[in-house]
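Presented below is the structure to which this report refers.
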Amino acid sequence: MKYEMLCQSPFPMVRLQLARGEKILIEPGSMTYCDATIEFESKVNRGEGGGLFSAIGRAFTSGQSFFITHVTTEADNAYITLGAKQPGEVHELCLGQEQWVLQDGVFLVCDDGVNYKMVRQSRTLSEMFLSASVNHFMMETTGTGSMLIASCGKMREIELNGETIIVDNTHAVAWTTGLTFKPRILWAEVGAGFIYEFSGYGKVLVQSCCRVSPGK
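Following numbering that gives the first Met the number 0, the numbering of the sequence shown begins with 0 at its first residue and continues without gaps.
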């Protein structure tokens, strides 16, 4: 997947170059402009091994896009330009030896060699009542290729070498699958909030701004 950053933070825009027959998957609504040879096809965002009712459930509970857009061309040197939905940065994930778990709303585009599955967070009943700001479903990558993700604000990579860190759930962007991940409730005098505890060996991407909850 060939791409060029036309502009970065605070309002990133990326231009992707497509060869004849090449296919990419993009987040619905992310296209800003393209040449006339680009073809679009919207498909249900089932993920790997998912079904129609799973996609409907994710759309209602987590704000996940019900559709995902497949982009292809039958011309050489075609292009499409994408823009992020919120001010921030665009970051490339190189998938293969490393796989990642993504928060909802950060996916922008991936090439055809990348697959993903939607995984559901397990929670207690009390957590479900307090989970308006927490995703019920997350995207876990598989396959080999490139994926671009977009943050809210500046993005920072933290590498863990056996230690444990705690990240506010609205500032977590993505993390490698080898990490131990535990969602927890943080009780305080002002109320309750969700935090993520990461431990082991791997990487965590965090963002400087608070991610807006679905539906807010």
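The C-beta atom is built at its ideal place from N, Cα and C for all residues, glycine as well.
Since Val-105 and Val-172 are thought to touch, with beta carbons under 8 Å apart, how far apart are those beta carbons, to the nearest angstrom? Here residue 105 refers to the residue found at position 106 when the sequence shown is read from its first residue. Here residue 172 refers to the residue found at position 173 when the sequence shown is read from its first residue. At roughly 5 Å, the Cβ-Cβ gap stays under 8 Å, so Val-105 and Val-172 are in contact.
Assigned secondary structure, Lys-105 (DSSP; H/G/I helix, E/B strand, else coil): Position 106 of the sequence shown, counted from the start, is the residue given in the question as residue 105. In the sequence on display, residue 105 carries Val and not Lys. Reduced to three states, the DSSP call for Val-105 is coil.
Residues of its chain near Thr-179, where Cβ-Cβ distance is below 6 Å and the 5 sequence neighbours each way are ignored: Position 180 of the sequence shown, counted from the start, is the residue given in the question as residue 179. Closer than 6 Å at Cβ, skipping near neighbours: Ser-198, Gly-199.
According to DSSP, what are the bridge partners of His-69? In the sequence shown, counting from the first residue as 1, residue 69 sits at position 70. Answer is Leu-24, Glu-40, bridged to His-69.
Which residues bound the beta strand (DSSP E) around Gln-85? For the purposes of this step, residue 85 is taken as residue 86 along the sequence shown, with counting starting at 1. First-last for Gln-85: undefined, no H or E at that position.
Can you check DSSP and say which residues form a bridge with Phe-10? Reading the sequence shown from its first residue, position 11 is the one you call residue 10. The partner list for Phe-10 (beta bridge, DSSP) is empty, contrary to what the question assumes.
Can you give the beta carbon distance from Ile-37 to Ile-79, rounded, assuming they're within the 8 Å contact cut? The residue you call residue 37 lines up with position 38 of the sequence shown. The residue you call residue 79 lines up with position 80 of the sequence shown. With 8 Å as the limit, Ile-37 and Ile-79 qualify as a contact, their Cβ atoms being about 5 Å apart.
Classify Ser-29 as helix, strand or coil using the three-state DSSP reduction. Locating residue 29 in the sequence shown gives position 30, counting from the first residue. Residue state, collapsed to three classes: coil.
Going by the DSSP bridge assignment, what does Cys-208 pair with across the sheet? As a first step, residue 208 must be located in the sequence shown, where it is residue number 209. DSSP, once it has assigned bridges, lists no residue as partnering Cys-208.
Any idea which residues DSSP pairs Lys-202 with across the strands? The sequence position of residue 202 within the sequence shown is 203, counting from 1. Glu-158, per the DSSP bridge assignment.
Spell out the partners DSSP gives Gly-152 in its beta bridges. One-based indexing of the sequence shown puts residue 152 at position 153. DSSP, once it has assigned bridges, lists Gly-87 as partnering Gly-152.
Any idea what DSSP makes of Glu-139, helix, strand or coil? Walking along the sequence shown from the start, residue 139 turns up at place 140. Of the three classes helix, strand and coil, the one that applies to Glu-139 here is strand, per DSSP.
Helix, strand or coil: which one does DSSP assign to Gln-16? Numbered from its first residue, the sequence shown carries residue 16 at position 17. If DSSP states are grouped into helix, strand and coil, Gln-16 belongs with the strands.
Take the Cβ of Pro-27 as the centre, count every other Cβ of all protein chains shown within 10 Å, and call the residue buried at 16 or more, exposed below. Translated into the one-based positions of the sequence shown, residue 27 becomes position 28. It counts as exposed.
DSSP three-state label for Ala-173, please. Along the sequence shown, read from residue 1 onward, the residue named residue 173 stands at position 174. It is a strand residue.
Given that a residue counts as buried once 16 or more other Cβ atoms are within 10 Å of its Cβ, and exposed if not, what is Ala-18? Within the sequence shown, residue 18 is the residue found at index 19, counting from 1. When all chains shown are included, Ala-18 counts as exposed.
Cβ neighbour criterion (16 or more within 10 Å) applied to Thr-68: Counted from its first residue, the sequence shown places residue 68 at position 69. Looking at its Cβ environment, which holds 16 or more other Cβ atoms inside 10 Å, Thr-68 is buried.
Take Val-13 and list the residues in its own chain whose beta-carbon comes closer than 6 Å to its own, dropping the five residues that flank it on each side. As a first step, residue 13 must be located in the sequence shown, where it is residue number 14. Hits under 6 Å: Tyr-2, Met-4, Leu-81, Val-89.
State the beta-bridge partners of Leu-5 as determined by DSSP. Mapped onto the sequence shown, residue 5 falls at position 6. Answer by DSSP bridge pairing: none, since Leu-5 is not bridged.
Apart from the five residues on each side of it in sequence, which residues of its chain come closer than 6 Å, Cβ to Cβ, to Cys-33? Position 34 of the sequence shown, counted from the first residue, corresponds to residue 33. Within the same chain, Cys-33 has close Cβ partners Ile-79.
Boundaries (first-last residue) of the beta strand (DSSP E) holding Asn-114: Within the sequence shown, residue 114 is the residue found at index 115, counting from 1. That run of the beta strand (DSSP E) goes 113 to 119.
Does the separation of the CB atoms of Phe-66 and Ser-41 fall below 8 Å? Residue mapping note: residue 66 aligns to position 67 of the sequence shown, counting from 1. Residue mapping note: residue 41 aligns to position 42 of the sequence shown, counting from 1. Contact: yes.
Compare the beta carbon distance of Thr-141 and Gln-102 with 8 Å and say whether it is the shorter of the two. The residue labelled residue 141 in the question sits at position 142 within the sequence shown. The residue labelled residue 102 in the question sits at position 103 within the sequence shown. A distance of 8 Å or more separates the beta carbons of Thr-141 and Gln-102.
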